[in-house]
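In UniProt numbering, the protein residues as written are 1 to 350. From the three backbone atoms N, C-alpha and C, an ideal C-beta is built for every residue, glycine too. Just so you know, these numbers come straight off a predicted model, no measurement behind them.
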């Protein structure tokens, strides 16, 4: 089969690999659609260390090709979604309520990290009964694939933010995760949602997904503007959706005492992330910082698919570019360099 791989840090390309085989509890899926994520670029730049000929990608859907003899819920021909995070559900971290950390910090993050990812004609899924979900007939592939990561991670930002009904929320950065955090904040009952973004196309999408106010950091001071919008109090919840030290500091500064900073960002550079001391109440302002890795698993995916099936949200307006798998090198370049007003790049497979 053909696979699109990270050959080494800073280098990508196609190569031929054997079609994977499932273990007793596993499945092999024939890929029909996938999305490129900024995390793929972080990986290629060395964010998780050196990798050699590792198949990239963690957002994919397809049709079951083969299952192991112990798999009970899926059969060849089933149209399925796999979460970007595929935990080991018997691990102690999973039993303790943190399946994304099974096997160690970020251990549930297997695709394009500890095993080959989904940018190939076929991909392998561990513990299929727990990590796959059947896609309803009325949810197309190009919509369902967003559940793998963008909806799950963005909604996690809102869930971890402890948003009170009618509360105030600021979402810093309106990339795909930030946009879904904005949508999640509205679904969770926020009374005021502030989106921080400078790109006009992403500002427009943020309003479509529920932002009441937009703050352009290139034109005004984010902290001053958010404090002004909240009558000097700060927000109940700040969702950091970029993964940058400066943005994280702004999130601390705009969160009211007793509020929550919910982090979804991937910090791919630097050794430390700084907390502004005074605005943190010199450590005593009751500001909670929550973190998390995209929740995976069958139950999570089924719930997200139900939101799409009920037409409570349509993520497909985020798809600004569509390429065939054989055009993957150009597609990755556009996603990596964020050119041509890119928000999200969809890959289709024959």
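What do you get for residue 126, buried or exposed, if any count of 16 or more other CB atoms within 10 angstroms of its CB means buried?
Counting Cβ neighbours within 10 Å, residue 126 comes out buried, since at least 16 surround it.
By DSSP, does residue 132 sit in helix, in strand, or in coil?
It is a strand residue.
Do residue 261 and residue 272 count as a contact pair if the criterion is CB distance below 9 Å?
no
Is there a Cβ from chain C that is less than 9 Å from the Cβ of residue 309?
Protein chains in the displayed structure number just one, and chain C is not present.
Inspect the beta-carbon positions of residue 61 and residue 39 and report whether they are closer than 9 Å.
When the beta-carbon positions are compared, residue 61 and residue 39 stay at least 9 Å from each other.
Simplified DSSP assignment, three categories, for residue 346:
strand
Enumerate, from N- to C-terminal direction, the unbroken alpha helix (DSSP H) stretches of 4 or more residues contained entirely within the stretch 245-302.
245-254
Let's test the definition: count the other Cβ atoms within 10 Å of the Cβ of residue 301 and tell me whether it reaches 16, buried, or not, exposed.
buried
Could you tell me which whole alpha helix (DSSP H) segments of length 4 or greater appear in the stretch 141-189?
Here the runs fully enclosed are 141-144, 150-160 and 176-187.
I believe residue 349 touches residue 323 by the beta-carbon criterion, under 8 Å. Please report the beta-carbon distance rounded to the nearest angstrom.
So it is not a contact: roughly 11 Å between Cβ atoms.
I want to know whether the stretch 163-181 touches the stretch 304-311 - three or more CB-CB distances under 8 Å.
no
Are residue 35 and residue 145 touching if we call contact CB-CB under 9 Å?
yes
Do you know how far the Cα of residue 195 is from the Cα of residue 216?
9 Å
Name the one or two DSSP bridge partners that residue 124 has.
Looking at the DSSP output, residue 124 bridges to 28.
Residue 95 lies in the beta strand (DSSP E); which residues open and close that run?
Residue 95 -> not in any beta strand (DSSP E); alpha helix (DSSP H) instead, spanning 92-95.
For residue 254 and residue 22, what's the separation of their Cα atoms in angstroms?
For residue 254 and residue 22, the distance between alpha carbons rounds to 48 Å.
Since residue 42 is in the beta strand (DSSP E), which residue starts that stretch and which ends it?
That residue, residue 42, is in no beta strand (DSSP E); its alpha helix (DSSP H) goes 38-44.
Checking 9 Å against the spacing of the C-beta atoms, do residue 265 and residue 183 come in under that value?
no
With distance defined between alpha-carbon atoms, name the residue in 85, 219, 54 and 225 nearest to residue 200.
219
My output table needs one value for residue 333: the three-state DSSP class, helix, strand or coil.
helix
Should residue 278 go down as buried or exposed, given a rule of 16 or more other Cβ atoms within 10 Å for buried?
exposed
Would you give the residue range spanned by the beta strand (DSSP E) that residue 8 belongs to?
2-8
Check whether the Cβ atoms of residue 142 and residue 33 sit closer than 9 Å, and answer yes or no.
yes
Spatially closest choice to residue 70 from 130, 315 and 148, by CA coordinates:
130
Quick check on the burial criterion: 16 or more other C-beta atoms within 10 angstroms. Buried or exposed for residue 295?
buried
Residues bridged to residue 194 by DSSP?
170 and 213
Span separating the alpha-carbon of residue 263 from that of residue 171:
10 Å
Range covered by the beta strand (DSSP E) that runs through residue 206:
Segment 200-208 is the alpha helix (DSSP H) holding residue 206; no beta strand (DSSP E) there.
For residue 344, which of 51, 240, 135 and 151 has the nearest alpha-carbon?
151
Residue range of the alpha helix (DSSP H) that includes residue 224
222-229
C-alpha gap between residue 3 and residue 77, whole angstroms:
22 Å
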